[in-house]
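In what follows, a single structure is set out as structure tokens and then discussed.
Numbering (our numbering), first residue to last: 629 to 726.
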């Protein structure tokens, strides 16, 4: 049963925003907003004067690049473990045939 969305307030670059969110997802939303605020603040502090839109786009590109890297790493790990499992299964089959 889905819970009714409730308002959640977050602060990003010193500006307060309110979102509707299911109660069981509120902590994730708050954590994501905190991470976004930190990232956008770093971009703002280390760059020349940039519009909020440019700061948000740079943060989005940074997050996208990070996500793609994590996905590639996960695919590599999964492939490694699949190969390892196949090798172990082959070794077990060979041992049982003897």
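Beta carbons are placed, not taken as given, at the ideal position from N, Cα and C, and that holds for glycine.
**Study point:** As assigned by DSSP and simplified to three states, the class of residue 644
**Key:** Looking at residue 644 - three-state DSSP - the assignment turns out to be strand.
Point to revise | Outcome for residue 713 when other beta-carbon atoms lying within 10 angstroms are tallied against a minimum of 16 | key: Residue environment for residue 713: exposed (fewer than 16 other C-beta atoms within 10 angstroms of its C-beta).
Exercise for review: Report the partner residues of residue 634 according to the DSSP bridge assignment.
Suggested key: The partner list for residue 634 (beta bridge, DSSP) reads 649.
Check your understanding: Exposed or buried, residue 687, counting other C-beta atoms within 10 Å across all chains shown (16 or more means buried)?
Key -> By the neighbour-count definition (other C-beta atoms within 10 Å, threshold 16), residue 687 is a buried residue.
Review point. Quick one: what's residue 658 bridged to in DSSP?
Key: Per DSSP, none; premise fails for residue 658.
Review point. By the 10 Å Cβ neighbour count, where 16 or more other Cβ atoms means buried, how is residue 678 classified, buried or exposed?
Key: Exposed, by the Cβ-count rule.
Check your understanding: Relative to the alpha-carbon of residue 643, which residue among 694, 698, 718, 661 has its alpha-carbon at the smallest distance?
Key -> The shortest C-alpha separation from residue 643 is found at 661.
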